[in-house]
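J.: Count along the sequence shown from 1, then add 45; that gives the number in the numbering used here.
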Amino acid sequence: MDEKLVSIIIPIYNSEKYLKKCIDSILEQKYNNLEIILINDGSTDNSGKICDRLAIEDKRIKVIHKENGGLSDARNAGIDIAKGKYITFIDSDDYVSEDYVEYMYNLLKQNNTKMSTCETQVVNIEKETEMETQFVENIEILTKRDLFYKILFAQKSDVSAYSKLYETELFKDIRYPKGVVYEDTATTYKLIEKCDKIATGNKKCYFYCTRPDSISKMKGFNKNELDYIKNTDEMLAY
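1. Quick one: give me the first and last residue of the alpha helix (DSSP H) that Gln200 is part of.
2. Using alpha carbons as the reference points, say which of Tyr63, Ser92, Met280 lies closest to Tyr168.
3. In the DSSP assignment, what residue or residues form a beta bridge with Leu79?
4. Can you tell me which of the three DSSP states Val225 falls into?
5. For the candidate residues Ala244, Asp118, Arg120, whose alpha-carbon lies nearest to that of Thr158?
6. Given Gly123, which residues of its chain have a CB within under 6 Å of its CB, disregarding the five upstream and five downstream residues?
7. From Ser52 to Tyr76, what distance separates their C-alpha atoms?
8. Going by other Cβ atoms of all chains shown within 10 Å of its Cβ, with 16 needed for buried, is Gln155 buried or exposed?
9. Could you tell me whether the segment 105 to 113 touches the segment 219 to 229, using the rule of 3 or more Cβ pairs below 8 Å?
10. Kindly give me the distance between the Cβ atoms of Cys250 and Tyr131, rounded to whole angstroms, as I take these residues to be in contact under 8 Å.
11. When the Cα atoms are used, what is the spatial distance from Asp354 to Lys242?
12. Can you round the beta-carbon distance between Tyr58 and Asp139 to whole angstroms, since I take them to be within the 8 Å contact cut?
13. Based on Cα-Cα distance, which residue from Asn247, Leu236, Thr255 lies nearest to Tyr283?
14. Determine the contact status of Val141 and Ile95, defining contact as a CB-CB distance below 8 Å.
15. Where Ile68 and Phe193 are concerned, what is the direct C-alpha to C-alpha distance, given to the nearest angstrom?
16. Does DSSP classify Lys249 as helix, strand or coil?
Okay, here's the thing in structure tokens:
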């Protein structure tokens, strides 16, 4: 298989408790031609030291230490220096299957698309339990219009930045909005718009870990929801 360089961008903020599991899952990828970009976004714990140690152990790892600017700013910093033909994002408290990159790369290459997706499995980070389900593979090659429809009606995929492989060229004039929560809601549809078709697979290769202090898991209505409403309104209008 002709393996083009894939840049994996991991924004990190005070994730020392979860970081090893995340990075280990990346280092164990079957797909080897990787550029692993760790963005230490002003962490006040030992996350930065862990990143530096890992970079010494594996030459594929690059580390950026920066002042805290939020998730969007960290992702953008990674995009700005990425040298891969393709980009994927992984959050530092999540982890992926060993074929995460390989699966989406094959989808993208075999179907000549600029973007591919896998599915996400939600995991309770405290219990570390994964739901076991019988897997029957279903691959669809969707037009951007069809994927928009499925996303808006929660029928397939979603607007998350992770669990997707993008041709880096798609980000030429697109960045995540700084200081906005639910930033992927404001961005992913713009990337989809640049694709004639998208290869979607239903294999669960990305493990999204829920934890009590997660921004997206705050109980009740909070001001962060206003960003979500604004971003969604803009997407619907688009």
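We treat Cβ as the ideally placed atom computed from N, Cα and C, and that holds for glycine.
T.: Reading it off the structure:
1. Here the question's residue 200 lines up with position 155 in the sequence shown. No alpha helix (DSSP H) holds Gln200; DSSP gives it neither H nor E.
2. Translated into the one-based positions of the sequence shown, residue 168 becomes position 123. Strictly speaking, residue 168 in this sequence is Val, with Tyr absent from that position. Val168 has its Cα closest to that of Tyr63, out of Tyr63, Ser92, Met280.
3. Here residue 79 refers to the residue found at position 34 of the sequence shown. DSSP, once it has assigned bridges, lists Val51 as partnering Leu79.
4. Taking the first residue of the sequence shown as position 1, residue 225 is located at position 180. Coil, per DSSP.
5. Residue 158 sits at position 113 when you count from the first residue of the sequence shown. Checking every option, the nearest Cα to that of Thr158 belongs to Ala244.
6. In the sequence shown, the residue the question calls residue 123 occupies position 78. So the qualifying residues of the chain are Ile54, Ile82, Ile84.
7. Position 7 of the sequence shown, counted from the first residue, corresponds to residue 52. Position 31 of the sequence shown, counted from the first residue, corresponds to residue 76. The alpha-carbon atoms of Ser52 and Tyr76 are separated by roughly 12 Å.
8. Indexing the sequence shown from 1 puts residue 155 at position 110. So Gln155 counts as exposed.
9. no
10. In the sequence shown, the residue the question calls residue 250 occupies position 205. In the sequence shown, the residue the question calls residue 131 occupies position 86. Going by Cβ atoms, the distance from Cys250 to Tyr131 rounds to 15 Å, so no, they are not a contact pair.
11. In the structure as shown, the chain starts at 46 and stops at 283, and residue 354 therefore has no counterpart that could be examined.
12. To locate residue 58, count along the sequence shown from 1; it is residue 13. To locate residue 139, count along the sequence shown from 1; it is residue 94. At roughly 14 Å, the Cβ-Cβ gap does not stay under 8 Å, so Tyr58 and Asp139 are not in contact.
13. Counting from 1 along the sequence shown, the entry for residue 283 is found at position 238. Taking only the C-alpha atoms, the option nearest Tyr283 is Leu236.
14. In the sequence shown, residue 141 corresponds to position 96, counting from 1. In the sequence shown, residue 95 corresponds to position 50, counting from 1. No.
15. Residue 68 sits at position 23 when you count from the first residue of the sequence shown. Residue 193 sits at position 148 when you count from the first residue of the sequence shown. The straight-line gap from Cα to Cα measures roughly 32 Å.
16. Counted from its first residue, the sequence shown places residue 249 at position 204. Reduced to three states, the DSSP call for Lys249 is strand.
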